[in-house]
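A.B. asks:
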Amino acid sequence: MRSKRLIYLGVVIVVIGLLGIPAHKLARKHVNYMTAVEDHPLMCTSCHLHMPNSGLIYKAVNKTYLSPFNLAISPDGNKLYVVAQESSALLVVDNQTGEVTDRIAVGKQPHTVIVSRDGKVAFVSNQWADNVYKIDLTSAKVIDTLKTGNGPAGLVLSKDEKFLYVVDSYSNQVSVIDVKRKTEKKRLVAGNNPTGVALSPSGDLVYVTSRRVLPRPYRTPITTEMTVIDAVKQRVKERKMFRDAYVMENVAFTPTGDMAVATLIRPKNLIPSIQVEEGFMMTHGFGIIEPGENGKIIQLLTDEPNAYYSDPFDVVISPNGKRAYISSSGVDMIQVLDLDRVRKLIAESTPEELHNYSNNRGISSRYVLKRISTGANPKGLVLSPDGKYLYVAERLDDKIAVINTATLETEKQIDLGGPRKITVARKGRRLFNNSGRTFQNQYGCYTCHPDAGEDGLVYNMAGVGMGRNVTNTQTLRDIGDIPPYKWNGHNQSVYKQDGMRFSTFLTRTEPFNYDDLDALASYIMTRIKNPPNLMYNPTGELTATQKRGEKIFFRTHTNCGKEIPYKSRCYVCHPPPDFTDKLPENVGSLSETDDSIPFDTPQLNNLYNASPYLHDGRALSLEEIWTKYDPGDRHGITSDMTKDQLNDLVQFLKSLRDAQYYSKYYSDEYKPLLKELYKNHYFQDKNQHNHK
Amino acid sequence: MNLRKIFLIAGYVILAGFAGVWMISCSKGPGQKMIIVTRVPVDIFHPGDTETVSAWQGSTLVMVRPTDNNSKPEVLTSGFYSACSPHVSYDGTHILFSGQKEKNDPWHVWEMNLKKKTVRQVTHCKESCYTPYYLPGNRLVFTREMPDTGTGKFLTLFTMNLDGTGLQQITFHPNNDFITTILKDGRILMRSEQIYPEKRPAKYLAMRPNGTKIELFYKGAPGTRPGIRVHEMNDGMIWFTEQNAGNPKKEDIVKIRYNRSLHSEVHCTANIPGDFYSVLPADSGDLFVSFRKPGDPSFGLFTFSTARRKIEKTLLADHQYHYLDPVCVQPYKKPRNLPNELMLSYPTGLLMSQNINLTEDSIPGSKATRIEVLGMDHSLGIIRVSQDGSFFLKIPADMPFRIQTLDEKKNVVLGPSDWLWLRPFERRGCIGCHEDPELAPENVVPMAVNHFPVILPLDSTQMLKRSETFKLGDFHR
Chain E
844 MRSKRLIYLG
854 VVIVVIGLLG
864 IPAHKLARKH
874 VNYMTAVEDH
884 PLMCTSCHLH
894 MPNSGLIYKA
904 VNKTYLSPFN
914 LAISPDGNKL
924 YVVAQESSAL
934 LVVDNQTGEV
944 TDRIAVGKQP
954 HTVIVSRDGK
964 VAFVSNQWAD
974 NVYKIDLTSA
984 KVIDTLKTGN
994 GPAGLVLSKD
1004 EKFLYVVDSY
1014 SNQVSVIDVK
1024 RKTEKKRLVA
1034 GNNPTGVALS
1044 PSGDLVYVTS
1054 RRVLPRPYRT
1064 PITTEMTVID
1074 AVKQRVKERK
1084 MFRDAYVMEN
1094 VAFTPTGDMA
1104 VATLIRPKNL
1114 IPSIQVEEGF
1124 MMTHGFGIIE
1134 PGENGKIIQL
1144 LTDEPNAYYS
1154 DPFDVVISPN
1164 GKRAYISSSG
1174 VDMIQVLDLD
1184 RVRKLIAEST
1194 PEELHNYSNN
1204 RGISSRYVLK
1214 RISTGANPKG
1224 LVLSPDGKYL
1234 YVAERLDDKI
1244 AVINTATLET
1254 EKQIDLGGPR
1264 KITVARKGRR
1274 LFNNSGRTFQ
1284 NQYGCYTCHP
1294 DAGEDGLVYN
1304 MAGVGMGRNV
1314 TNTQTLRDIG
1324 DIPPYKWNGH
1334 NQSVYKQDGM
1344 RFSTFLTRTE
1354 PFNYDDLDAL
1364 ASYIMTRIKN
1374 PPNLMYNPTG
1384 ELTATQKRGE
1394 KIFFRTHTNC
1404 GKEIPYKSRC
1414 YVCHPPPDFT
1424 DKLPENVGSL
1434 SETDDSIPFD
1444 TPQLNNLYNA
1454 SPYLHDGRAL
1464 SLEEIWTKYD
1474 PGDRHGITSD
1484 MTKDQLNDLV
1494 QFLKSLRDAQ
1504 YYSKYYSDEY
1514 KPLLKELYKN
1524 HYFQDKNQHN
1534 HK
Chain L
256 MNLRKIFLIA
266 GYVILAGFAG
276 VWMISCSKGP
286 GQKMIIVTRV
296 PVDIFHPGDT
306 ETVSAWQGST
316 LVMVRPTDNN
326 SKPEVLTSGF
336 YSACSPHVSY
346 DGTHILFSGQ
356 KEKNDPWHVW
366 EMNLKKKTVR
376 QVTHCKESCY
386 TPYYLPGNRL
396 VFTREMPDTG
406 TGKFLTLFTM
416 NLDGTGLQQI
426 TFHPNNDFIT
436 TILKDGRILM
446 RSEQIYPEKR
456 PAKYLAMRPN
466 GTKIELFYKG
476 APGTRPGIRV
486 HEMNDGMIWF
496 TEQNAGNPKK
506 EDIVKIRYNR
516 SLHSEVHCTA
526 NIPGDFYSVL
536 PADSGDLFVS
546 FRKPGDPSFG
556 LFTFSTARRK
566 IEKTLLADHQ
576 YHYLDPVCVQ
586 PYKKPRNLPN
596 ELMLSYPTGL
606 LMSQNINLTE
616 DSIPGSKATR
626 IEVLGMDHSL
636 GIIRVSQDGS
646 FFLKIPADMP
656 FRIQTLDEKK
666 NVVLGPSDWL
676 WLRPFERRGC
686 IGCHEDPELA
696 PENVVPMAVN
706 HFPVILPLDS
716 TQMLKRSETF
726 KLGDFHR
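Residue numbers (the numbering used here), protein chains in the order written: chain E, 844 to 1535; chain L, 256 to 732.
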């Protein structure tokens, strides 16, 4: 009996051994393929535990953090109101005890909070809900919901507090809301992806920043708009242009109104990115806007020759107008500017000198008083009414830093009570938002992928030559299931995308270690959500125009009744849910400066606000893809279409939402076509990718 | 003895062990760590000599514990005729140094296990090799004397694996190069002094360990000469000594900020009577210095208070020897291991400049429209630049060249520059010519990169043709 047991045990061991050796080999092969290296630890959990983007494992492993984004302070300075972006809540914090006394549920992805002068009412913009909540702070209750344009972000009240200016960040507008009547009085056209807003001290002007550059001819210098609104007439008064700058997140006025200060980045996307040592990729700083129509616009850097202070986000100015504080969210620092020195520099300098200063990395030593370290990813700032304390929303630490403005030291951190555990994806998000993994902190993933999307710029990464193979930044939202990556489709996984070659040609410094790479890949793979497409497809029900466009998208015959070749049908290369077949295609978009390669078919989800288009960003609008850059019908068959039909198609494309929506739903009308398509090659290809 | 007692004793032993380790290795101020210093016979070394190498015959490495007044210096290199230039490994267990076993031997790089005191020879070149430094990735970098090929002897930098394989030259100009430190950002900081065709002042240049992206890091005032040992601290300060402009026999201690290395120098010991030779900053903010009081024949090792600006304590001093070049024995954070973009089989590199007329040294009324690329003994070609002042060149790799800008009449506007080189497959960019090194580029597409690069060297017929009627796009890669 005993010997029998021993035999069984031996057999089991032998079987396990026999199976284990090839299994181990297969696992090694799989890991090598996915990571594109041969020494990544053979840990199944690296991917299979931390990277699922839905289901029970996802829920068990991941946490919902608070992620404080912006904040406001009560007029008496006793309470802080903190927007917890990830938890869709407004936190009320007792400034004395540092305790969270109330948690008010607000809409999806809240952005900004402001408080009325009497301290009784707060307004919170819900960026993914297209509304603003009016909150009674005494009862901590939402008392009104004010409809806005798409993507409400920055908020400011008029001087008499009768009107609320809401920056509609996705629809590029500013909603002027009559607070008493709870109605939107008018919408004004702003710049591209506007966000920040400030009211001049006199109350007659509203400045609105924008993040994305204005459409411009291919590979020409960039310009970003600061919209100036006449707050009396409620009309756009002026559009001030910031050349060579973008991602202007926020703006603040000095108390006397002698200048407004806006954060900005000065990218170097038009230059081959070959000499990061000399600032060939990004520089960071602020813009000064002098009052009046002929007021100067000056740009100055906060960087230093061997140190960059990336991703400036918020700016506040002390009550005496002598200091500005800027949160450099990519390097976890607050920069303290001496505004009197800035004024002196401007007064003493010729226009030519000021222009040179905008690219001078040494000039910051003339006006940066101090750089104060903070917790992870400092975003919104607010000063106490007396200016003695600066409060900093440390987004990825779930804390508020309290800085004494006399000593310029951090006095304490207010813990908002987020989850204690730092998940792998959260660690990855910190890495994503931090520039510490690029040479001299010049840029982070976030810099070119703000909010994990794309910055709308075309870069010359100069992988081989210079001036060749320029590429349009691609979004990182919702890309977990759509390998390969990069326009050339050379990267079969996010691991490879962010691996050695990434450090050689992009970050130009030591590559991520495997723990960090696991974390970064986990953050990206767990599906960074696209904003809901509330502008073009709020309910899922298509408009008549969009339905006509959908029909064109799925058409199999031209207007003349001729059958469209299989590979020239829109839906074949762009099938739902991701609207990509994940295969390389040549749609005739190669230019003389491109190597002769096919491009990975891009996904189309949420493409309505992702201009420019095509691999090199030549098409400024969706229409241009076909009207200007597809003369030979290589990018689908479109030459037979009428202008109205093209408009319908474009409207349908703009209606596309996130992939998860289409994985649950697709119109019965087109299911047979999709079924046939999947049979042909779609799943075969998917299997090929997933089982290597 | 019962089990409880055994556990208790074992606990005490472990605790005592930890305490011992803590006493030895944990330190916050100068003095609690071990220091290795180079002991040099007094008649060998004379500061202010125009020595090119800090390799002193008869020198010895000795280790001292600065806090222990009674400890005698421990001689580490008794088997060597000469030994100097120690560099401590990142884990604090080994040192690299340059040494001579016998008087007439060439200098070689050696590695010593500090615990076992065993040594092994790392380099085996015919020529002398000096000043080794550890690099991340199990490599080292050192200075090697190059044979005279008609333009003089130069000191050139090489890297290799710690096991002696994978030798690679990384500097390619007629200069004397010394590694001064490995910056925390992963770059090599070297003191470079041009000696051909004319001497130019020494300066600190930073470059990647593969010899790419070389750029100016620090240049002293006219008449000064920075030393060859630099220390970068965790607070971002960089310390070194610099030959005084007024008195070449005297050196000052200088500190600069890494973040703005060209414009942040502070002379810390100006007006202090006596001479300084080397500096080693301690975590406390004070310094270990090689210092000689006025009238003393030799440099001793002292502590220097930065707050009080005075020499405080004598650690080593004797009239027979100088004590120079102290280094601290302790583990420290590895610099970043920078990625290597080179393809050594590639015969060329690419060079782009955005605007040759962007310069600090412009001559009023003159505008450059061409550049001439000069090799060691001949011109590689004259090229008309693009309308915006940009150029784009493909140049043989690992070959020294200089650039001068010319006007329409081919008169020299500016230059020639310092020597440059490109490594195989290196892609290098400049903003201007002799421009303010703190400038970042304008965000515009340089017109020259809209076309293929001009391939150098041009032959004489091409030169004439290209310089007169160069059409962009004529050249293929």
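Just so it is clear, CB atoms sit at the ideal spot from N, CA and C, and this is done for glycine as well. Being a predicted model, the structure only gives us computed values, none of them experimental.
Could you give the residue range of the alpha helix (DSSP H) that holds R1263 (chain E)?
C.D. replies: Within the first sequence, residue 1263 (chain E) is the residue found at index 420, counting from 1. Judged by DSSP secondary structure, R1263 (chain E) falls outside any alpha helix (DSSP H); it is assigned neither H nor E.
A.B. asks: Span of the beta strand (DSSP E) holding D1157 (chain E)?
C.D. replies: One-based indexing of the first sequence puts residue 1157 (chain E) at position 314. Where D1157 (chain E) is concerned, the enclosing beta strand (DSSP E) stretches over P1155 to I1160.
A.B. asks: Counting contacts by CB-CB distance shorter than 8 angstroms, is Y345 (chain L) in contact with chain E?
C.D. replies: Looking up residue 345 (chain L) in the second sequence gives position 90. Output row for Y345 (chain L): interface = no.
A.B. asks: How is the beta strand (DSSP E) around G604 (chain L) delimited, first residue to last?
C.D. replies: Taking the first residue of the second sequence as 1, we reach residue 604 (chain L) at position 349. Where G604 (chain L) is concerned, the enclosing beta strand (DSSP E) stretches over T603 to S608.
A.B. asks: Output needed for P1058 (chain E): all residues of its chain with C-beta closer than 6 angstroms, excluding positions within five of it in sequence on either side, in chain order.
C.D. replies: Indexing the first sequence from 1 puts residue 1058 (chain E) at position 215. Counting only Cβ-Cβ distances below 6 angstroms, and skipping sequence neighbours, we find L1463.
A.B. asks: Checking the sheet assignment: what are the DSSP bridge partners for Q376 (chain L)?
C.D. replies: One-based indexing of the second sequence puts residue 376 (chain L) at position 121. Looking at the DSSP assignment, Q376 (chain L) forms a beta bridge with L:W365.
A.B. asks: Over what stretch of residues does the alpha helix (DSSP H) that includes F1096 (chain E) continue unbroken?
C.D. replies: Here residue 1096 (chain E) corresponds to residue number 253 of the first sequence, with the count starting at 1. Per DSSP, F1096 (chain E) belongs to no alpha helix (DSSP H); it is in the beta strand (DSSP E), V1094 to F1096.
A.B. asks: Does the CB of Q1016 (chain E) have a neighbour CB from chain L at under 8 angstroms?
C.D. replies: Reading the first sequence from its first residue, position 173 is the one you call residue 1016 (chain E). Cβ-Cβ to chain L under 8 angstroms: no for Q1016 (chain E).
A.B. asks: Please work out which residues of its chain come closer than 7 angstroms, Cβ to Cβ, to V854 (chain E), disregarding the five sequence neighbours upstream and downstream, and give them in chain order.
C.D. replies: Stepping through the first sequence from its first residue, residue 854 (chain E) is reached at position 11. The beta carbon of V854 (chain E) lies closer than 7 angstroms to none in the same chain, with the five residues before and after it left out.
A.B. asks: Any beta carbon from chain L within less than 8 angstroms of D1087 (chain E)'s own beta carbon?
C.D. replies: Taking the first residue of the first sequence as 1, we reach residue 1087 (chain E) at position 244. Taking Cβ atoms only, chain L reaches closer than 8 angstroms to D1087 (chain E), which makes this a yes.
A.B. asks: Give the interface partners of F1123 (chain E) over in chain L, defined as CB-CB distance under 9 angstroms, in chain order.
C.D. replies: Here residue 1123 (chain E) is taken as the residue at index 280 of the first sequence, counted from 1. Here the neighbours are G684, I686, A695 and P696.
A.B. asks: Would a check of beta-carbon distances place S516 (chain L) closer than 8 angstroms to chain E?
C.D. replies: Counted from its first residue, the second sequence places residue 516 (chain L) at position 261. Yes, contact with chain E.
A.B. asks: Can you have a look at L914 (chain E) and say buried or exposed, based on whether 16 or more other CB atoms are within 10 angstroms of its CB?
C.D. replies: The sequence position of residue 914 (chain E) within the first sequence is 71, counting from 1. Flag for L914 (chain E) reads buried.
A.B. asks: Give me the residue from E:T1386, E:Q1178, E:V936 and E:P1134 with the minimum Cα distance to F1495 (chain E).
C.D. replies: Within the first sequence, residue 1495 (chain E) is the residue found at index 652, counting from 1. Minimum Cα distance to F1495 (chain E) is reached at E:T1386.
A.B. asks: Are the C-beta of K356 (chain L) and some C-beta of chain E separated by less than 8 angstroms?
C.D. replies: The sequence position of residue 356 (chain L) within the second sequence is 101, counting from 1. With 8 angstroms as the cut-off, K356 (chain L) does not count as an interface residue toward chain E.
A.B. asks: With 8 angstroms as the threshold, decide whether the Cβ of S846 (chain E) is near any Cβ in chain L.
C.D. replies: Numbered from its first residue, the first sequence carries residue 846 (chain E) at position 3. No - not a single Cβ of chain L is within 8 angstroms of the one on S846 (chain E).
A.B. asks: Closest to S1014 (chain E) by C-alpha separation, out of E:T940, E:T1038 and E:H891, would be which residue?
C.D. replies: Translated into positions along the first sequence, residue 1014 (chain E) becomes position 171. Among E:T940, E:T1038 and E:H891, the Cα nearest to that of S1014 (chain E) belongs to E:T1038.
A.B. asks: Is the beta carbon of P429 (chain L) less than 8 angstroms from the beta carbon of T414 (chain L)?
C.D. replies: By 1-based counting over the second sequence, the position of residue 429 (chain L) is 174. By 1-based counting over the second sequence, the position of residue 414 (chain L) is 159. No, Cβ-Cβ distance for P429 (chain L) and T414 (chain L) is not below 8 angstroms.
A.B. asks: Taking C-beta pairs closer than 9 angstroms, name the residues in chain E that G441 (chain L) reaches, listed in chain order.
C.D. replies: The count along the second sequence starts at 1 and reaches residue 441 (chain L) at position 186. Correct list: F1282, T1352 and E1353.
A.B. asks: Per DSSP, M445 (chain L) is paired with what?
C.D. replies: Within the second sequence, the letter at position 190 stands for residue 445 (chain L). Beta-bridge pairing links M445 (chain L) to L:I434 and L:L460.
A.B. asks: Hey, out of E:T1193, E:Q970, E:S1116 and E:K1213, whose CA is closest to N698 (chain L)'s CA?
C.D. replies: On the second sequence, residue 698 (chain L) is found 443 positions in, with the first residue counted as 1. Taking only the C-alpha atoms, the option nearest N698 (chain L) is E:S1116.
A.B. asks: Can you name the residues that DSSP bridges to C685 (chain L)?
C.D. replies: Within the second sequence, residue 685 (chain L) is the residue found at index 430, counting from 1. Paired residue(s): L:S608.
A.B. asks: Since L1188 (chain E) is in the alpha helix (DSSP H), which residue starts that stretch and which ends it?
C.D. replies: Counting from one through the first sequence, the residue named residue 1188 (chain E) turns up at place 345. L1182 to E1191 is the span of the alpha helix (DSSP H), which, as asked, contains L1188 (chain E).
A.B. asks: Within 10 Å of its beta-carbon, does Y578 (chain L) have 16 or more other beta-carbons around it, so buried, or fewer, so exposed?
C.D. replies: Taking the first residue of the second sequence as position 1, residue 578 (chain L) is located at position 323. Flag for Y578 (chain L) reads buried.
A.B. asks: Among the candidates L:N502, L:S539 and L:V509, whose CA atom is the shortest distance from the CA of D490 (chain L)?
C.D. replies: To locate residue 490 (chain L), count along the second sequence from 1; it is residue 235. The residue with the shortest Cα to Cα distance from D490 (chain L) is L:S539.
A.B. asks: Would you mind telling me which residues of chain L sit closer than 8 angstroms to M1102 (chain E), beta carbon to beta carbon, in chain order?
C.D. replies: Taking the first sequence and counting its residues from 1, the one referred to as residue 1102 (chain E) is at position 259. For a Cβ distance threshold of 8 angstroms, nothing in chain L lies close to M1102 (chain E): the least Cβ distance comes to about 23 angstroms.
A.B. asks: Who are the neighbours of E1120 (chain E) on chain L, taking C-beta pairs under 7 angstroms?
C.D. replies: Indexing the first sequence from 1 puts residue 1120 (chain E) at position 277. Within 7 angstroms Cβ-Cβ: K468 and E470.
A.B. asks: Report buried or exposed for Q376 (chain L), applying the criterion of at least 16 other Cβ atoms within 10 angstroms of its Cβ.
C.D. replies: Taking the first residue of the second sequence as position 1, residue 376 (chain L) is located at position 121. Classification for Q376 (chain L): exposed.
A.B. asks: Would the beta-carbon of K1108 (chain E) fall within 8 angstroms of that of H1127 (chain E)?
C.D. replies: Stepping through the first sequence from its first residue, residue 1108 (chain E) is reached at position 265. Stepping through the first sequence from its first residue, residue 1127 (chain E) is reached at position 284. For the sequence presented, residue 1108 (chain E) should be read as Ile rather than Lys. Contact flag set, yes.
A.B. asks: Rounding to the nearest angstrom, what Cα-Cα distance links N393 (chain L) and R591 (chain L) in this structure?
C.D. replies: Taking the second sequence and counting its residues from 1, one reaches residue 393 (chain L) at position 138. Taking the second sequence and counting its residues from 1, one reaches residue 591 (chain L) at position 336. Taking the straight line from one Cα to the other gives about 13 angstroms.
A.B. asks: Since Q1016 (chain E) and A996 (chain E) are thought to touch, with beta carbons under 8 angstroms apart, how far apart are those beta carbons, to the nearest angstrom?
C.D. replies: In the first sequence, residue 1016 (chain E) corresponds to position 173, counting from 1. In the first sequence, residue 996 (chain E) corresponds to position 153, counting from 1. Between A996 (chain E) and Q1016 (chain E) the Cβ distance is about 11 angstroms, and since that is not below 8 angstroms, they are no contact.
A.B. asks: Tell whether a beta-carbon distance below 8 angstroms holds between R1091 (chain E) and R1054 (chain E).
C.D. replies: In the first sequence, the residue the question calls residue 1091 (chain E) occupies position 248. In the first sequence, the residue the question calls residue 1054 (chain E) occupies position 211. According to the sequence provided, residue 1091 (chain E) is Met. The question's Arg does not apply to it. In this structure, M1091 (chain E) places its C-beta atom within 8 angstroms of the C-beta atom of R1054 (chain E).
A.B. asks: When you compare the CB of Y513 (chain L) with every CB in chain E, is at least one pair closer than 8 angstroms?
C.D. replies: Here residue 513 (chain L) refers to the residue found at position 258 of the second sequence. Chain E, which has a Cβ nearer than 8 angstroms to the Cβ of Y513 (chain L), makes this yes.
A.B. asks: So H1198 (chain E) is in the alpha helix (DSSP H); what residue range does that whole segment cover?
C.D. replies: Stepping through the first sequence from its first residue, residue 1198 (chain E) is reached at position 355. First-last of the alpha helix (DSSP H) with H1198 (chain E): P1194 to Y1200.
A.B. asks: Assuming M877 (chain E) and Y1328 (chain E) make a contact with CB atoms under 8 angstroms, what is their CB distance in whole Å?
C.D. replies: Position 34 of the first sequence, counted from the first residue, corresponds to residue 877 (chain E). Position 485 of the first sequence, counted from the first residue, corresponds to residue 1328 (chain E). 12 angstroms between Cβ atoms; not a contact.
A.B. asks: Tell me where the alpha helix (DSSP H) around R871 (chain E) begins and ends.
C.D. replies: Taking the first sequence and counting its residues from 1, one reaches residue 871 (chain E) at position 28. Note, R871 (chain E): alpha helix (DSSP H), R845 to T878.
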